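> Under my numbering, the first residue of the sequence shown is numbered 61, with each subsequent residue one higher.
Please read through the structure below; I'll follow up with questions.
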Amino acid sequence: MIPGARLIILGRQGAGKGTQCVRLSRHYVVPHISTGDMLRAAVREGTELGLQAKKVMDEGGLVGDDIMIGVVEERLAKPDADSRGYILDGFPRTVAQAQALDEITVAKPVNAAIDLDVPREIVLDRLSARRVCRDCGTNYTATGDEPSPWNCDVCGGDVEQRADDTPEAVDRRLDLYEEQTSPLKEYFTSRGVLTVVNGVGHPDHVFKRLIDAIESLR
Numbered sequence: 061m062i063p064g065a066r067l068i069i070l071g072r073q074g075a076g077k078g079t080q081c082v083r084l085s086r087h088y089v090v091p092h093i094s095t096g097d098m099l100r101a102a103v104r105e106g107t108e109l110g111l112q113a114k115k116v117m118d119e120g121g122l123v124g125d126d127i128m129i130g131v132v133e134e135r136l137a138k139p140d141a142d143s144r145g146y147i148l149d150g151f152p153r154t155v156a157q158a159q160a161l162d163e164i165t166v167a168k169p170v171n172a173a174i175d176l177d178v179p180r181e182i183v184l185d186r187l188s189a190r191r192v193c194r195d196c197g198t199n200y201t202a203t204g205d206e207p208s209p210w211n212c213d214v215c216g217g218d219v220e221q222r223a224d225d226t227p228e229a230v231d232r233r234l235d236l237y238e239e240q241t242s243p244l245k246e247y248f249t250s251r252g253v254l255t256v257v258n259g260v261g262h263p264d265h266v267f268k269r270l271i272d273a274i275e276s277l278r
């Protein structure tokens with residue numbers, strides 16, 4: 061990976077993007093900047109941003125550009141991201157956000173946008189079965205044989221379905237992705253920075269594909 065590289069990981073929510081971003085962050089020792097994590101933390105803490113975002117997130121919608129751009133600009137200005145680079149997960153989601161990101165990073169432009177490609181039907185199945193620890197955020201997959209109550213193996217907290225992981229909310233998010241986020245592929249292609257990586261298969265195989273794509277930037 062190029063020292064100080066600045067990467068965007070695109071893909072439908074539920075494509076395994078978050079887990080792979082964490083692995084990449086540890087592998088390259090760069091910050092994993094997840095807008096979803098930042099927003100959920102704000103919701104838990106009951107901040108003004110959290111209160112604004114909660115209603116939209118619960119309905120399966122996407123938080124407005126103005127809020128997201130401000131959150132990301134503030135985070136990218138921190139010393140770790142500014143000096144070591146970063147892996148950006150969950151932003152940009154729209155062309156308007158991508159254009160704002162170009163302005164924010166004009167001095168140190170993004171090196172690559174990697175699209176982790178997983179078909180919609182697979183994503184829908186994954187998200188509908190996803191469960192998460194309310195306390196520590198560990199993810200699980202429901203199979204129908206879960207204990208009741210279901211306690212987290214990591215911290216003992218309650219494992220539950222997120223309000224935005226119901227089939228109806230997931231379907232709405234995927235529709236919004238097709239409408240708003242898919243055009244990003246054309247945007248980044250036009251700038252010559254888009255790489256598509258097959259996201260289907262064993263997580264270790266997908267991770268190897270991502271590493272190969274990133275190393276090709278050298």
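Positions of the beta carbon are idealized from the N, C-alpha and C atoms, including for glycine.
All figures in this text were calculated on a predicted structure; none of them were measured in a lab.
At a cut of 8 Å, does the segment 213-226 reach the segment 179-193 through at least three beta carbon pairs?
As far as the Cβ criterion goes, the segment 213-226 touches the segment 179-193, which means the pair count is three or higher.
> So what does DSSP say about Leu236, is it helix, strand or coil?
Counting from 1 along the sequence shown, the entry for residue 236 is found at position 176. In this structure, Leu236 counts as helix in the three-state DSSP scheme.
> Considering only C-alpha positions, which residue in the set Thr198, Pro207, Ile182 and Leu254 is nearest to Val260?
In the sequence shown, the residue the question calls residue 260 occupies position 200. Cα-wise, what sits closest to Val260 is Ile182.
> Within the segment 194-244, note down every full beta strand (DSSP E) run reaching 3 residues or more, in order along the chain.
Runs found: 199-201.
> Have a look at Val132, Asp140 and Arg100 and flag the residue whose alpha-carbon is nearest the alpha-carbon of Glu163.
If you number the sequence shown from 1, residue 163 lands on position 103. Per the Cα distances, Val132.
> When the Cα atoms are used, what is the spatial distance from Arg83 to Leu161?
Here residue 83 corresponds to residue number 23 of the sequence shown, with the count starting at 1. Here residue 161 corresponds to residue number 101 of the sequence shown, with the count starting at 1. If you take the alpha carbons of Arg83 and Leu161, they lie about 24 Å apart.
> Taking 9 Å as the threshold (C-beta atoms), are Arg72 and Leu234 in contact?
The residue given as residue 234 occupies position 174 in the sequence shown. The residue given as residue 72 occupies position 12 in the sequence shown. Yes, the Cβ-Cβ distance between Leu234 and Arg72 is below 9 Å.
> Straight-line CA distance for Thr241 to Cys215?
Numbered from 1 along the sequence shown, position 181 holds the residue referred to as residue 241. Numbered from 1 along the sequence shown, position 155 holds the residue referred to as residue 215. Cα to Cα, Thr241 sits roughly 35 Å from Cys215.
> Rounding to the nearest angstrom, what Cα-Cα distance links Leu254 and Pro243 in this structure?
Mapped onto the sequence shown, residue 254 falls at position 194. Mapped onto the sequence shown, residue 243 falls at position 183. Between Leu254 and Pro243, the C-alpha separation is close to 12 Å.
> Compute the Euclidean distance between the alpha carbons of Asn211 and Asp225, then round it to the nearest angstrom.
Sequence index remark: in the sequence shown, residue 211 carries index 151 (1-based). Sequence index remark: in the sequence shown, residue 225 carries index 165 (1-based). C-alpha separation (whole angstroms): 19 Å.
> Buried or exposed: Leu136, going by 16 or more other Cβ atoms within 10 Å of its Cβ?
Along the sequence shown, one-based indexing puts residue 136 at 76. The residue in question, Leu136, is buried, as its Cβ has 16 or more Cβ neighbours within 10 Å.
> Under 9 Å, Cβ to Cβ, is there at least one residue of chain C near Leu187?
Among the chains of the structure shown, chain C does not appear; only one protein chain is present.
> Using a Cβ-Cβ cut-off of 7 Å (strictly less than) and excluding sequence neighbours within five positions of Ala173, which residues of its own chain qualify?
Walking along the sequence shown from the start, residue 173 turns up at place 113. For Ala173, where only same-chain residues beyond five positions count, the Cβ hits under 7 Å are Ile68, Leu70, Phe248, Val253 and Leu254.
> Over the uninterrupted beta strand (DSSP E) stretch that includes Arg86, give me the two end residues.
Counting from one through the sequence shown, the residue named residue 86 turns up at place 26. It is not in any beta strand (DSSP E) - Arg86 instead sits in the alpha helix (DSSP H) that spans Lys77 to Tyr88.
> If we call anything under 9 Å between Cβ atoms a contact, is Val257 one with Gly74?
Residue mapping note: residue 257 aligns to position 197 of the sequence shown, counting from 1. Residue mapping note: residue 74 aligns to position 14 of the sequence shown, counting from 1. Not a contact, by the Cβ cut-off of 9 Å.
> What are the uninterrupted segments assigned as beta strand (DSSP E) that are 3 or more residues long and contained completely in the segment 106-182, given in chain order?
You should have 146-149 and 172-177.
> List the endpoints of the continuous beta strand (DSSP E) containing His92.
Your numbering for residue 92 matches position 32 in the sequence shown. Counting along the chain, the beta strand (DSSP E) containing His92 begins and ends at His92 to Ser94.
> My output table needs one value for Val266: the three-state DSSP class, helix, strand or coil.
On the sequence shown, position 206 is the one that residue 266 refers to. Three-state result, Val266: helix.
> Is it right to say His283 is buried, meaning 16 or more other beta carbons lie within 10 angstroms of its own, or is it exposed?
Not covered by the structure: residue 283. The range shown for the chain is 61 to 278.
> Please classify Val260: does DSSP put it in a helix, a strand, or coil?
Numbered from 1 along the sequence shown, position 200 holds the residue referred to as residue 260. Three-state result, Val260: coil.
> Could you have a look at Leu277 and say whether DSSP puts it in helix, strand or coil?
Within the sequence shown, residue 277 is the residue found at index 217, counting from 1. Leu277: coil per DSSP, three-state reduction.
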